[in-house]
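Residue 650 in my numbering sits at position 46 of the sequence shown, with consecutive numbering throughout. Below is one structure, written out as structure tokens, with a few remarks after it.
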Amino acid sequence: MDGNGRWAAQHNLPRNKGHEAAAESVTDILEVCVTEAEIKILTLFAFSSENWKRPESEVSKLMQLFLHFLHKETATLHKHHIRFTTIGDIEKLPQDLQELIKEVTTSTAQDKQPPSLILQIAVNYGGKWDITQAIKKITKKLQNKELTQEDINEETISNHLSTHPLADVDLLIRTSGEQRISNFMLWQTAYAEIYFTNTLFPDFNKTEFQKSLEWFQNRKRRYGNI
């Protein structure tokens, strides 16, 4: 979800207006996922663990926007049987946002219908943090003799990442012309196809999203094979 600030600058608007426009793009993407594409998991990198370095006023507005988005979209999540979850250290978020995240996570998980989509928001998240917290969990289990050295393999690590039990990433979309993954799901993107686009996220509408899906469908995924 990159390019919000640049979009705002191009339109002579304050940065928070770029974040607000980005929320509209999220709505478009959700609609495509639920009504047109056979997508079962969508992860949005909303706020990285490095984003705390931004001006306090911008961080505050981002948190308010996230709170507003959840209040506004909760009914839509239930209507379309979308299961909501987050990854990242949410304990550092404002208390009212933490409580709403937990409330929406619980309520959508209680839906008796199978989820049409799992919407996973990465907030206060970093790929290095994710691997570190997995190692800490594994180390504690080793100390408590719940695991042995022989038990530790790639699957063990995967099972202790914050994304477990969801599948690894198939398609990673990077907007705004940047060509790096910026500490996002370092383990889970090992075999992901990476789609780079110059489009700023607030302009990443249904057409742009569908274009990325068509690109992915034409990729031949080899996983190391010929």
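C-beta: ideal position from N, C-alpha, C; glycine also.
- Item | Neighbourhood of Gly607 by C-beta distance below 6 Å, restricted to the same chain and skipping five residues each side | Only residues of its own chain outside the window of five on either side were considered, and among them Thr779, Ser780, Leu804, Phe805 have a CB closer than 6 Å to the CB of Gly607, listed in chain order.
- Sequence-distant residues of the same chain with beta carbon closer than 6 Å to Gly731, five excluded per side: Asn787, Phe788, Met789, Leu790
- Message: Assuming contact is defined by CB atoms lying nearer than 8 Å, are Lys744 and His764 in contact in what I supplied?
- Response: no
- Message: Ignoring anything shorter than 4 residues, give me the alpha helix (DSSP H) runs that lie fully in the stretch 627–703, in order along the chain.
- Response: 660–683
- Item | Residue span of the beta strand (DSSP E) that contains Arg778, given as start and end | 775–778
- Following the continuous beta strand (DSSP E) through Ala800, name the residue where it begins and the one where it ends. The sequence given here places Phe at residue 800; Ala does not occur at that position. Looking at the DSSP string, the run of the beta strand (DSSP E) that includes Phe800 is 797–800.
- Measure the beta-carbon distance from Ser551 to Phe808 and round it to whole angstroms, keeping in mind my assumption that it falls under 8 Å. There is no way to answer for residue 551, as the model of the chain reaches only from 605 to 830.
- Can you grab the Cα-Cα spacing for the pair His685 / Lys676, in whole Å? 16 Å
- Query: Would you call Leu617 buried or exposed, if buried means 16 or more other Cβ atoms sit within 10 Å of its Cβ?
  - Reply: exposed
- What is the residue span of the alpha helix (DSSP H) that Ala726 lies within? Where Ala726 is concerned, there is no enclosing alpha helix (DSSP H), although the beta strand (DSSP E) it sits in stretches over 721–729.
- Message: For Arg610, which residues in the same chain have their Cβ closer than 8 Å to its Cβ, ignoring the five residues on either side in sequence?
- Response: Closer than 8 Å at Cβ, skipping near neighbours: Gly622, Ser780, Leu804.
- Item | Simplified DSSP state of Ser786, which is helix, strand or coil | coil
- Assuming Ala726 and Thr678 make a contact with CB atoms under 8 Å, what is their CB distance in whole Å? Actually they do not touch by this definition, with Cβ atoms about 19 Å apart.
- Residues in its own chain within less than 6 Å of Asp715 by CB, not counting five upstream and five downstream? His685
- Message: What would DSSP say about Gly781, mapped onto helix, strand or coil?
- Response: Note: Gly781 maps to coil in three-state DSSP.
- Task: Please classify Ser766: is it buried, with 16 or more other beta-carbons within 10 angstroms of its beta-carbon, or exposed?
- Result: Label assigned to Ser766: buried.
- Should the stretch 750–757 be called in touch with the stretch 683–702, which here means at least 3 C-beta pairs below 8 Å? No, the stretch 750–757 is not in contact with the stretch 683–702.
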